[in-house]
Structure formats: structure tokens, C-alpha cells
Amino acid sequence: MKYILKKQQGVALFQVLLIVTILMFLAIFVTNKAKMQVKSAQSITDKQKAMLTVRTVLSKIKFNLLSSPADVLYDQQKWNFYGEEFLIDDVTVSIQDHNGLLFINKRTPVDLVDNIISLANSVDKKNNNSVSSKSFIHWFDEPTNTRIQNLEQFISMGFSWLSAKELWSYITVNPRVLFNPMNVPKTLLPVFFPNNQVGRILALRATGKNYVEIQHEMQTITKLTADESVGYVTGPYYRVKISAKINKSYWNMLYELSIVQQHNGLHVITLSQRPF
Numbered sequence: 002m003k004y005i006l007k008k009q010q011g012v013a014l015f016q017v018l019l020i021v022t023i024l025m026f027l028a029i030f031v032t033n034k035a036k037m038q039v040k041s042a043q044s045i046t047d048k049q050k051a052m053l054t055v056r057t058v059l060s061k062i063k064f065n066l067l068s069s070p071a072d073v074l075y076d077q078q079k080w081n082f083y084g085e086e087f088l089i090d091d092v093t094v095s096i097q098d099h100n101g102l103l104f105i106n107k108r109t110p111v112d113l114v115d116n117i118i119s120l121a122n123s124v125d126k127k128n129n130n131s132v133s134s135k136s137f138i139h140w141f142d143e144p145t146n147t148r149i150q151n152l153e154q155f156i157s158m159g160f161s162w163l164s165a166k167e168l169w170s171y172i173t174v175n176p177r178v179l180f181n182p183m184n185v186p187k188t189l190l191p192v193f194f195p196n197n198q199v200g201r202i203l204a205l206r207a208t209g210k211n212y213v214e215i216q217h218e219m220q221t222i223t224k225l226t227a228d229e230s231v232g233y234v235t236g237p238y239y240r241v242k243i244s245a246k247i248n249k250s251y252w253n254m255l256y257e258l259s260i261v262q263q264h265n266g267l268h269v270i271t272l273s274q275r276p277f
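Going by the working numbering, the sequence shown opens with residue 2, and the numbers climb by one from there.
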């Protein structure tokens, strides 16, 4: 009888321990699920804050482009228009003037074409890939007076996807008002200028000199003065990148902007926008 009683007590104790264990695991599961839901909700909130931050900074950029000339923004706000990153309200921004980008059409000089191919080959160097100039130059022999308008055109000419993508990020399909040597992005400097000038331009940008001083010294370095194709004019087309981070959430947007004259004055319009 005592044996049976002890056995029943043992079974009851086991059942109690089993129930307690199950309840513990259930409590852990519920707690973890609640934590995950809180984290998910926080992540969504942070993402929304990052998106709002990007839109707020974009509005400030548009306002400043309309209200202040390039030299004032360069000198007083420490902006630049050759695509180097800087901060606006602790948000990372880059602004690229289209007048410093590549605009490839039938009148593009042959030496510039060769430099574009060299840039593409330098991108593909690690992949042992190289671009033949034949397909690219053949495009210039065609009678239609068109311009390169998409990445697929580069690929059809023999460029790899990698080099085509790199080049496309430095090309404008908008009519370039004038070529502005001051606003050429770092990657494109070897396309437009010999190596000795590239080094001097980069050193000049690092000096912290004001806009007028840099313009004057750029003319001295490059020997390029204003004419029918060259002008130290910034805008009206801009490529803007804005990157906001809230905790672990990011929101990165690229905008193509243009200043246009409308019936009630100048406005900045968004030509296109996409995440990057």
C-alpha cells in the first residue's frame, strides 16, 4: 500500500513539474513574441521617421536652391555641387550639378570617348574584362543625331553590366546648359582632364577657399574659360542623394531636380525619384 502511495506521489510530482516546465516555456515564448512585436513596431516607426527626415531635408534643399545662388551655398552653407557628401541637419547629402556630368551625343569628341572607355576598363580591371572601342565608336558613325539615354545602350556596345552601371551614374540625359569644370565629380576628373590637372583640382577642393577663388584657380589649372560650350554656371538640373538613419533603420533616396520658370515664378520640380 505504501509502495502504491509513493508511486502515485511520484507521478503527481512529475505531472506538476511537467506542467510547470510547459508553463515556463509558454511564458518564454509569449515574452519573446511580445519583444519581437515591440522591436518590429519600433523598426516601422524608425523607418517612417527616416522617410520623413529625408522629405524634410529635400524641402530644405529645394528652398535653398531657389533662395540662394551657388556661391553663397558653397561659401556659407559649405555645400558643393560635384557630388561629395556633406551634412544637412546631421543627414548625409550629396548634390551633383548636371553641368559637371557626361552628356554623350554625336558631337562628343573622340578623345573623350577614349577616356570613357579607359574609365570603364578601370572598373572592370578586377574582372579581367575590357571594352572594345569599335562598338562604341560605331555608334557615333550612325547618321541619327541621338544621345545615349539608358544603361542598356552601353551594354549593347560591349560594356559589362558593372562598368555600364558605373558610367550611367555619371551621365545626364538632360540637355546640358554648359560644361562646368568646377562641378565634375571626382570619378570623372580623369575623363575630362590629364592626371597632373586632376591632382591639382583635388588639392584645390581641399583648401577651403571660397567659390570665386576656386573658380579663378580652376580656369588657371584647366585653361578653360567661358565660351559657347564652357561656362562656370551651376544648374538648373541637380542629382540629389539623401541618406537618413534612425537607430538601425535607413532610408536612402535619389532625386533628379530641375529649377523651372513657371507663370508665378521659379520653382524646383522633381523629375524623378527612387531609392538607392
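Glycine residues also receive a C-beta, built at the ideal position from the N, C-alpha and C atoms. None of the values given here were measured: they were computed from a predicted structure.
Does DSSP classify residue 248 as helix, strand or coil?
Residue 248: coil per DSSP, three-state reduction.
According to DSSP, simplified to helix, strand and coil, what is residue 158?
Per DSSP, reduced to three states, the secondary structure at residue 158 is coil, with no helix or strand assignment.
Residue 266 - partner residues in DSSP beta bridges:
Bridge partners of residue 266: 263.
Residue burial classification, residue 91 (beta-carbon count within 10 angstroms, cutoff 16):
Its Cβ having fewer than 16 others within 10 Å, residue 91 is exposed.
Which whole-angstrom value is the C-beta distance of residue 81 and residue 179, which I expect to be below 8 Å?
Not quite, the Cβ-Cβ distance comes to about 18 Å (not below 8 Å), so this is no contact.
Assign residue 56 to buried or exposed, taking buried as 16 or more other Cβ atoms, counted over all protein chains shown, within 10 Å of its Cβ.
Only exposed fits residue 56, as fewer than 16 other CB atoms lie within 10 angstroms of its CB.
Please report the straight-line C-alpha distance between residue 198 and residue 45, rounded to a whole angstrom.
When rounded, the distance between both Cα atoms is 48 Å.
Note down the Cα distance separating residue 123 from residue 266, rounded to an integer number of angstroms.
Between residue 123 and residue 266, the C-alpha separation is close to 45 Å.
In whole angstroms, what separates the C-alpha of residue 188 from that of residue 26?
Residue 188 and residue 26 have their C-alpha atoms some 57 Å from each other.
Spatially closest choice to residue 206 from 47, 50, 53 and 85, by CA coordinates:
In this structure, 85 is the residue among 47, 50, 53 and 85 with its C-alpha nearest to the C-alpha of residue 206.
Close beta carbons around residue 147, own chain, < 8 Å, minus the five adjacent residues each side:
The answer, listed in chain order, is 106 and 107.
For the segment 166-182 against the segment 229-241, do three or more pairs of beta-carbon atoms, one drawn from each stretch, fall closer than 8 Å, so that the two count as touching?
As far as the Cβ criterion goes, the segment 166-182 touches the segment 229-241, which means the pair count is three or higher.
Could you tell me the alpha carbon to alpha carbon distance between residue 152 and residue 169, rounded to whole angstroms?
For residue 152 and residue 169, the distance between alpha carbons rounds to 6 Å.
Applying the 10 Å Cβ sphere with the 16-neighbour rule, what's the burial state of residue 230?
Residue 230 counts as exposed, since fewer than 16 other beta carbons sit within 10 angstroms of its beta carbon.
With burial defined as no fewer than 16 other Cβ atoms inside 10 Å of the residue's Cβ, what is the status of residue 53: buried or exposed?
Classification for residue 53: exposed.
Taking C-beta to C-beta, are residue 71 and residue 251 nearer than 8 Å?
For residue 71 and residue 251, no; Cβs fall outside 8 Å.
Per DSSP, which residues does residue 26 bridge with? Please list them.
Residue 26 pairs with nothing; no bridge assigned.
Apart from the five residues on each side of it in sequence, which residues of its chain come closer than 6 Å, Cβ to Cβ, to residue 48?
Once the five neighbours on either side are set aside, the close Cβ partners of residue 48 are 250.
Would you kindly work out how many angstroms separate the C-alpha atoms of residue 257 and residue 24, rounded to a whole number?
Roughly 57 Å separates the two Cα atoms.
Cβ pair residue 66, residue 269 closer than 8 Å:
Yes.
CB-CB under 7 Å to residue 61, same chain, minus the five flanking residues each way: which ones, in chain order?
Closer than 7 Å at the Cβ level, and outside the excluded window around residue 61, lie 89.
Under three-state DSSP, which class holds residue 271?
Strand, per DSSP.
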